[in-house]
Every structure is written in C-alpha cells, then in structure tokens.
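Student: Have a look at this one.
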Amino acid sequence: MRIGPQDCQNLHRGLSLEWLETNGRGGLLSGTVAGANTRRYHALLLTAPHTESNRYVLVNHIEEWLQIGGEEYSLSTNVYPGAVHPEGYRHCSSFSSIPWPTWLFRYQSTICRREIIPIYGRDLVILRWTLMEAPIQTATLRVRPMLTGRDYHALHHENGQLSDAFLMLSAGQVVWHPYVGLPPVYSFHTGTYRHAPDWYRHVQFPLEQERGLEYEEDWWSPGEFLFELSVGEEHSLGFTSDASDTLDITALISSERARRTELQETAPAADSLLEACRLASESFLVQRGTRQTVIAGYPWFTDWGRDTFISLPGLCLVTGRYETAWRIIESFTGHVSEGMIPNRFPDSGSDPEYNTIDASLWFIYAVDRYLAYSNDLPRVQSVAWPAIKQILNRYREGTRYDIHMDIDGLITGGTPGTQLTWMDAKVGDSVVTPRHGKPVEVQALWMKALDIGRRLATQFLEPTYAKRCRQDRARALESFRTRFWYEDGRYLYDTIDGPAGNDTSIRPNQIYAISLCDDLVTRDQAIRVLQIVREHLLTPVGLRTLSPHDANYCPRYEGSPMERDRAYHQGTVWPFLFGPFITSWIKTFGSTPENQKVARSFLDGLEEHVQEACIGQISEIFDGEIPPHPRGCPAQSWSIAEPLRAMVEDLGMSIPRASTKSTQT
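Under this note's numbering, the residues of the sequence shown are numbered 2 to 666, in order.
In structure tokens:
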C-alpha cells in the first residue's frame with residue numbers, strides 16, 4: 002500500500018494507519034504512518050527470546066533531525082500531554098509498506114528516505130536513510146534511540162535502577178544494557194556515536210487511553226548518532242539483542258529483499274483481498290524454540306490452541322505450507338492432557354491452560370484437513386492418531402470442567418466461573434457468555450470428530466473403534482435433529498440443557514451446524530438459518546455475535562476493560578466468522594458462479610479494511626453498529642485465515658504456492 006502526502010500530513014489519518022512487521026520467532030516491529038507510537042506495543046525492537054515465553058520491548062522509537070544548509074527539521078513525531086512534538090509528519094510526502102516500511106520526507110528542495118528493515122528469523126532491525134535530493138551535496142542526520150527494557154504489556158517510568166553505562170565494542174558498534182536480567186541492545190552503525198544519556202518523559206499512547214488503560218511512559222535515550230549524508234549514499238543503524246562481532250548490513254538487506262521479492266512476486270493472486278490475505282498469512286507462523294506454532298494476534302496475543310487449529314487450514318493448507326502445518330500439529334500432540342489440547346500458552350512460561358471445550362475438537366478437524374491436502378497417512382497414524390483417540394475417549398468418559406458425552410450422545414460441559422467456548426469473556430468472577438450445557442457448534446465439532454475417527458479407524462484397520470465412532474455419531478445425530486431446532490424462531494438454539502434451559506439467542510454459532518457437517522439440518526432448515534444470520538448478524542466486515550434486537554446487545558466495543566469484556570461477544574463483529582458463513586452459503590445454495598459471486602460480495606468490506614487500520618492485515622473485531630469501527634488486535638490470525646480459506650475452498654479462487662524458502666523453516 003502506498004500513501005500520499007495528503008494522508009501522511011493529516012495527523013489523525015497518519016496516526017490511525019499502523020504498520021506491522023514480524024520476524025517468524027514471536028518478535029515484532031510496529032508503529033504508525035505518522036511516526037508516533039500510539040500503543041505500548043509499538044516498538045522497533047520487541048523480542049521474544051527462544052528460551053522464554055515473554056516478550057520484551059527494548060527499543061521503542063527514534064528521534065531524527067536532518068540538518069542541511071544551516072537549518073534543521075525533524076523526521077519524527079511524538080504525542081505528549083496537550084502537544085505533538087516534534088511534527089515530522091508535516092514533512093512526510095509518502096509512505097509505502099512494500100518491500101518494507103518506507104517513508105519519503107520533503108523539506109523545500111530536500112528529499113530524504115527512511116526505511117525500516119526487519120530481518121526475518123532474527124531479533125534484528127536495520128534503519129536506513131538515503132539523501133535523495135538536496136540543494137547542497139551533504140547533510141547531517143542526528144538520531145537518538147529511545148530505550149526502555151520492559152515486558153511488552155507493561156509501561157516504563159524514570160527510575161534509579163537503570164544503568165546508563167555503555168560499551169564501545171568498535172568504531173561502529175555500541176552496546177547498552179539498561180537492566181540486569183533483560184537482554185542488552187547491540188547497535189551497529191555507519192556514523193559516529195556520542196554518549197549523552199537523557200530522559201524523554203510523559204510520552205502518551207492515545208490508543209491505550211481509548212482502551213481505558215494507563216497510557217503514559219518515560220523513555221531513556223542513551224545518546225545520539227551522527228551521520229554525514231551525501232546525495233545517493235545510504236547510511237544505516239541496526240539494533241539487535243543477539244550478540245555478534247560483526248553484521249554484514251548489505252548482505253542482510255539483500256537477502257531480506259530477495260526473500261520478500263520471492264514471496265510478493267510469485268504470480269500474485271488475481272483477487273486483491275486474496276492476495277492481501279496470502280501475504281499476511283506468513284506473519285502468524287512462528288518458531289518458538291523447538292515448537293512451531295501460530296500467534297493468535299498481534300501485538301498482544303500469544304499462541305492459543307483454538308485459534309491455531311481454526312486458522313491452520315487457511316494459513317498453511319490452502320497456501321501449500323504442508324510441512325509447517327504438520328509441525329504445528331506435532332507440536333501440540335505433546336501437550337495433550339486428559340484428552341485436551343491447551344487453550345493457551347501463557348506469556349509467563351507457566352503451565353499451559355486447558356479451559357476449552359472445543360479446541361481439542363478443532364485439533365481433530367485440522368488433522369483431517371491436513372491429511373486431505375497432504376495424503377500424509379504414515380505420520381498421521383503414528384503421531385496424530387493416538388492423540389485423536391485419547392481426545393475422543395476422554396470426551397466420552399469425561400474430563401476437566403465436567404466435559405463429557407451425555408446419555409443422548411451430545412457433549413456437555415461447564416462449571417461455575419468457567420468459560421469454555423470461543424465466547425470466553427469474563428468480568429472478574431462473572432462469565433459474560435457462560436454457554437454451559439450443550440453449545441451448538443460443539444455438537445457439530447463432536448459429530449465431525451466422530452466421523453473423522455470412524456474414517457481413520459477404518460483406514461488403520463481398527464474396525465471395532467470405527468464401529469464405536471459410527472454408533473456414537475448416530476446417537477448424537479438423532480439427538481441433535483430432535484432437540485436443537487427452535488421451531489418458534491425457525492433457527493437453531495445456541496445452547497441447550499443449560500442452567501437456564503435452552504438459549505434462543507440469535508448468535509452465529511449455529512452456522513457451524515451447516516459448514517462442518519452435511520446431515521445435521523435439512524436444506525430448508527439451512528436456508529432459514531442463513532436467512533436469520535444474514536438479517537440479524539451479517540455486516541460488511543463479519544458477523545455480529547448477537548442480534549441487535551436482543552436486550553443484551555452492545556453496539557460498541559469501547560471503554561474500560563470491564564466494559565469492553567461485556568461487549569466482546571454481545572454484538573461485537575468478528576471477521577473470521579465469514580469463513581463458516583461462506584462455506585455454509587455455498588453448501589446450501591450450490592457452487593455456481595452466481596452464488597460464488599454473491600458470497601464474494603460479502604467480503605467487500607474487508608477488501609476496503611486491509612487498506613485501513615493495520616495496513617495489509619484484518620482486525621480482530623469491529624463494533625456491531627454501522628459503520629463498524631475496527632477494534633481489538635489490529636492483526637488477527639483467524640481474521641486472515643478463514644476468509645482466505647473460504648475464498649480458495651468455497652469460491653474456487655487459485656492462490657500461488659508460498660515460497661518454500663521463506664515459510665518452511
């Protein structure tokens with residue numbers, strides 16, 4: 002995406018547009034087109050050390066001044082209480098996200114280019130400046146890095162514990178280590194360094210304030226770099242947490258450019274949204290030590306089991322990353338406990354959390370989709386099949402949180418104070434949408450899992466197990482058909498057998514009864530469900546989580562964390578639900594060109610959105626009211642993965658295979 006001077010020099014617009022870069026190991030870089038950090042998570046060096054689960058913000062920002070012909074003007078921008086200073090955005094004439102974040106600054110007849118170049122697979126960022134045009138042949142660039150050294154969820158304030166010492170390893174390398182116990186920052190540069198520690202106080206983050214959180218912190222600046230620029234000459238400054246005697250900046254940039262060129266220029270997809278999702282899909286695939294996983298969303302989510310296996314077909318299978326898909330599956334098999342895969346791996350590195358009724362069933366679904374794409378029967382039999390049988394057996398017999406197969410063959414679960422489905426918001430000890438009992442999508446997943454178990458057991462010559470799966474499914478199917486249809490409303494209950502009886506709330510979960518299985522509802526029932534969902538829940542950017550006509554509907558996701566949690570699944574729009582909705586639409590009405598065209602039109606709002614908010618990404622959620630405002634994580638894995646999957650599998654679009662070099666790591 003390229004942005005011109007009118008948007009770049011509009012402060013509100015420039016602050017609303019974010020850019021994101023990830024390094025394939027959990028670290029990230031992000032900021033705004035205007036240059037100011039508006040989130041605590043915006044940073045130039047945010048690392049995720051392989052030996053830990055935590056992420057650390059080491060380098061937050063830089064301040065830049067260009068001196069030419071006796072005048073000095075700034076390239077950087079910050080937000081302070083009641084003021085924006087400096088105002089470098091006023092001189093920005095363009096921004097491009099390709100091949101990496103690149104700005105052009107114009108001041109009278111002087112043009113300077115700034116590039117931020119992350120190196121994939123490393124906690125390393127290179128900043129590069131080029132004097133493109135100038136009335137005289139030389140200029141001086143002055144750069145001050147801003148450091149904190151904090152957990153990425155925290156904020157940093159001036160204190161006496163910070164060490165302002167530095168180590169000059171060579172003429173082109175400086176090291177700072179502000180805090181014991183955190184990684185040092187190594188800087189490599191082509192200029193000169195002057196140590197002059199100072200504090201930049203009361204930097205404000207408007208988006209944190211909007212989210213009802215603390216929004217002000219202090220940055221420590223160790224000193225400044227001076228670069229003597231000549232027209233056409235490039236100067237660079239690199240930051241890394243990895244110790245290295247030397248860095249070949251030219252070779253690193255050349256290699257990164259080649260990697261991105263291969264990814265970006267491999268026969269781009271004809272559909273612009275499909276192409277944007279294809280390019281974004283790599284961002285969420287991460288190597289964590291020996292474990293391959295999926296980051297649920299940037300900047301603040303880690304790896305979640307449910308999100309991982311809902312996203313896996315879109316991120317890995319339709320894009321041809323079969324080996325990456327297998328390594329993700331294999332990574333999670335080692336964490337199956339009592340027939341459950343983890344819901345979440347915490348930042349702290351503590352034990353995985355297992356509070357989910359559906360993640361284990363999504364795991365079985367993902368294994369089946371992997372097998373359909375790869376035909377990798379031997380590894381599935383030796384590694385995944387034992388995990389699948391453990392899940393099926395424990396769901397039959399019972400596992401955590403009273404999750405078990407009831408006498409009617411359906412899956413029930415839930416204990417006081419727990420949230421087990423994807424609608425998992427909790428305010429204090431109060432669960433906003435508990436959905437205890439038998440949630441509709443869990444039944445669809447259960448019957449899908451039993452069918453997969455039957456087919457795999459047959460292939461692996463286990464007829465007794467196949468028969469058991471077939472019998473259990475038949476019983477569950479009869480119960481579902483008898484009990485889940487709400488005749489008065491002519492749609493499916495959201496949950497049955499809950500503490501308050503059967504829940505008639507109009508929610509999107511019922512579409513999984515169509516998308517996952519072919520025999521849970523009749524065609525007439527499927528048509529009616531889709532009509533209800535379209536009338537009450539469909540928006541230009543996804544499906545609402547609750548009908549606007551419901552007394553509990555919340556039209557906006559805003560305010561304090563408590564207020565936002567209450568709205569999270571009470572009307573808030575989720576783009577990932579386009580995936581099962583489109584699958585259900587095509588299964589019900591047929592895969593004719595006309596029906597595919599109608600289904601593709603549902604995604605038009607997302608096509609516009611990828612040029613807003615976080616450029617090239619799709620937000621986690623949106624307000625339920627129209628026009629929907631993007632909220633939550635600005636880049637969410639299943640928001641990318643599910644529309645991408647549906648466009649390929651259901652709408653028949655073709656996608657270039659991802660580069661083996663850049664993704665099969």
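Where a beta carbon is used, it is the ideal one built from N, C-alpha and C, also for glycine.
Taking only three categories from DSSP, how would you classify histidine 158?
Tutor: Residue 158 sits at position 157 when you count from the first residue of the sequence shown. Coil.
Student: What do you reckon, are the CB atoms on glutamine 420 and asparagine 356 nearer than 9 Å?
Tutor: To locate residue 420, count along the sequence shown from 1; it is residue 419. To locate residue 356, count along the sequence shown from 1; it is residue 355. Yes, these two residues count as a Cβ contact at 9 Å.
Student: Let me check understanding here. Comparing Cα to Cα, which of Val176, Tyr466, Trp363 and Thr251 lies closest to tryptophan 639?
Tutor: As a working mapping, residue 639 is identified with position 638 in the sequence shown. Considering only alpha carbons, the answer is Trp363.
Student: Pick helix, strand or coil for proline 146, following the three-state DSSP scheme.
Tutor: On the sequence shown, residue 146 is found 145 positions in, with the first residue counted as 1. Of the three classes helix, strand and coil, the one that applies to proline 146 here is strand, per DSSP.
Student: Is it the case that the CB of alanine 373 approaches a heavy atom of the ligand SAM more closely than 8 Å?
Tutor: Ligands in the displayed structure: none, and consequently the ligand SAM is not present.
Student: Tell me, please, which residues DSSP counts as bridged to glycine 606.
Tutor: Within the sequence shown, the letter at position 605 stands for residue 606. None, per the DSSP bridge assignment.
Student: Do the CB positions of arginine 345 and threonine 413 come within less than 9 Å of each other?
Tutor: Position 344 of the sequence shown, counted from the start, is the residue given in the question as residue 345. Position 412 of the sequence shown, counted from the start, is the residue given in the question as residue 413. Contact flag unset, no.
Student: Comparing C-alpha positions only, which one of Gln7, Glu621 and Glu564 sits nearest to valine 34?
Tutor: Within the sequence shown, residue 34 is the residue found at index 33, counting from 1. When only C-alpha atoms are compared, the closest one is Gln7.
Student: Kindly list the residues whose CB is nearer than 6 Å to the CB of isoleucine 681, restricted to its own chain and excluding five residues on each side of it in sequence; keep chain order.
Tutor: With the chain running from 2 to 666 in the structure shown, residue 681 is simply not present.
Student: Within 10 Å of its beta-carbon, does threonine 39 have 16 or more other beta-carbons around it, so buried, or fewer, so exposed?
Tutor: Here residue 39 refers to the residue found at position 38 of the sequence shown. Counting Cβ neighbours within 10 Å, threonine 39 comes out buried, since at least 16 surround it.
Student: Specify the secondary structure class of histidine 570 as computed by DSSP and reduced to three states.
Tutor: Taking the sequence shown and counting its residues from 1, the one referred to as residue 570 is at position 569. Three-state result, histidine 570: coil.
Student: Tell me, to the nearest whole angstrom, how far the beta carbon of serine 222 is from that of arginine 322; I am working on the premise that it is less than 8 Å.
Tutor: Counting from one through the sequence shown, the residue named residue 222 turns up at place 221. Counting from one through the sequence shown, the residue named residue 322 turns up at place 321. Between arginine 322 and serine 222 the Cβ distance is about 41 Å, and since that is not below 8 Å, they are no contact.
Student: Tell me proline 440's beta-bridge partners as DSSP assigns them.
Tutor: Working through the sequence shown from its first residue, we reach residue 440 at position 439. Beta-bridge pairing links proline 440 to Thr496.
Student: Applying the criterion that 16 or more other CB atoms from any shown protein chain within 10 Å of the CB defines a buried residue, is threonine 483 buried or exposed?
Tutor: Within the sequence shown, residue 483 is the residue found at index 482, counting from 1. Burial call: exposed.
Student: Is the Cβ-Cβ distance between serine 95 and tryptophan 101 less than 9 Å?
Tutor: Here residue 95 corresponds to residue number 94 of the sequence shown, with the count starting at 1. Here residue 101 corresponds to residue number 100 of the sequence shown, with the count starting at 1. Their beta carbons are not under 9 Å apart, which means serine 95 does not touch tryptophan 101 by this criterion.
Student: Identify, in the order they occur along the chain, each residue of the same chain with its Cβ nearer than 6 Å to the Cβ of serine 97, setting aside the five sequence neighbours on each side.
Tutor: Position 96 of the sequence shown, counted from the first residue, corresponds to residue 97. Around serine 97: Arg3 and Thr103.
Student: Helix, strand or coil: which one does DSSP assign to proline 464?
Tutor: As a working mapping, residue 464 is identified with position 463 in the sequence shown. Of the three classes helix, strand and coil, the one that applies to proline 464 here is helix, per DSSP.
Student: Can the beta-carbon of valine 80 be found less than 9 Å from the beta-carbon of leucine 16?
Tutor: Your numbering for residue 80 matches position 79 in the sequence shown. Your numbering for residue 16 matches position 15 in the sequence shown. Against a cut-off of 9 Å, the Cβ pair of leucine 16 and valine 80 comes out as a contact.
Student: Just tell me which of Ala172, Glu479 and Arg545 has its CA closest to the CA of glutamine 511.
Tutor: Your numbering for residue 511 matches position 510 in the sequence shown. Glutamine 511 has its Cα closest to that of Arg545, out of Ala172, Glu479 and Arg545.
Student: Looking only at C-alpha atoms, which of Gly572, Ser256, Tyr374 and Ile365 sits nearest to glutamine 391?
Tutor: By 1-based counting over the sequence shown, the position of residue 391 is 390. For glutamine 391, the nearest C-alpha among the options comes from Ile365.
Student: How close, in whole Å, do the beta carbons of glycine 25 and tyrosine 121 come, if the pair is a contact with beta carbons under 8 Å?
Tutor: Taking the first residue of the sequence shown as 1, we reach residue 25 at position 24. Taking the first residue of the sequence shown as 1, we reach residue 121 at position 120. Glycine 25 to tyrosine 121, Cβ: 5 Å. Contact.
Student: Need the endpoints of the alpha helix (DSSP H) that glycine 15 sits in, please.
Tutor: Within the sequence shown, residue 15 is the residue found at index 14, counting from 1. Element bounds for glycine 15: 12-17.
Student: Can we say the stretch 538-557 touches the stretch 566-577, given the rule of at least three CB pairs closer than 8 Å?
Tutor: Segments in contact, yes.
Student: Here's the rule I'm using: 16 or more other beta-carbon atoms within 10 Å means buried, otherwise exposed. How should alanine 252 be labelled?
Tutor: The residue labelled residue 252 in the question sits at position 251 within the sequence shown. Classification for alanine 252: exposed.
Student: Can you give the Cα-Cα distance for proline 581 and arginine 292, rounded to whole angstroms?
Tutor: Working through the sequence shown from its first residue, we reach residue 581 at position 580. Working through the sequence shown from its first residue, we reach residue 292 at position 291. So the two alpha carbons sit approximately 28 Å from each other.
Student: Determine, using beta carbons only, whether histidine 196 and glycine 173 come nearer to each other than 9 Å.
Tutor: Residue mapping note: residue 196 aligns to position 195 of the sequence shown, counting from 1. Residue mapping note: residue 173 aligns to position 172 of the sequence shown, counting from 1. No, the pair does not count as a contact, with Cβ atoms beyond the cut-off.
Student: Looking at the structure shown, is glycine 633 part of a helix, part of a strand, or coil, going by DSSP?
Tutor: Reading the sequence shown from its first residue, position 632 is the one you call residue 633. In this structure, glycine 633 counts as coil in the three-state DSSP scheme.
Student: Kindly indicate the opening and closing residues of the alpha helix (DSSP H) around aspartate 525.
Tutor: The residue labelled residue 525 in the question sits at position 524 within the sequence shown. 524-537 is the span of the alpha helix (DSSP H), which, as asked, contains aspartate 525.
Student: Please state if the CB of alanine 467 and the CB of alanine 514 are separated by a distance shorter than 9 Å.
Tutor: The residue labelled residue 514 in the question sits at position 513 within the sequence shown. The residue labelled residue 467 in the question sits at position 466 within the sequence shown. No; because the gap between Cβ atoms is not below 9 Å, this pair is not in contact.
Student: Does DSSP classify histidine 92 as helix, strand or coil?
Tutor: If you number the sequence shown from 1, residue 92 lands on position 91. Note: histidine 92 maps to helix in three-state DSSP.
Student: Sort Asn160, Glu339, Arg474 and Asp430 by Cα distance to aspartate 733 and report the nearest one.
Tutor: One cannot answer for residue 733 here, as it falls past the ends of the chain, which runs 2 to 666.
Student: Give every residue of the same chain whose Cβ lies closer than 7 Å to the Cβ of leucine 125, excluding the five residues on either side of it in the sequence, and list them in chain order.
Tutor: On the sequence shown, position 124 is the one that residue 125 refers to. Excluding positions up to five away in sequence, the list reads Gly239, Thr241 and Asp243.
Student: Contact between the stretch 619-638 and the stretch 550-564 is defined here as three or more beta-carbon pairs at a separation below 8 Å; is this criterion met?
Tutor: Taking 8 Å as the limit for Cβ pairs, the verdict is that the stretch 550-564 does touch the stretch 619-638.
Student: Which residue from Pro541, Thr459, Ser480 and Pro87 puts its Cα closest to that of valine 441?
Tutor: In the sequence shown, counting from the first residue as 1, residue 441 sits at position 440. Residue Ser480 is the option with its Cα nearest to valine 441.
Student: For glutamine 665, which of helix, strand or coil comes out of DSSP?
Tutor: Within the sequence shown, the letter at position 664 stands for residue 665. Residue confidence for glutamine 665 is low, a pLDDT of 38 falling below 50, so the modelled location carries little weight and cannot support an answer.
Student: Kindly identify the DSSP beta-bridge partner or partners of tyrosine 74.
Tutor: On the sequence shown, position 73 is the one that residue 74 refers to. Its beta-bridge partners are Leu67.
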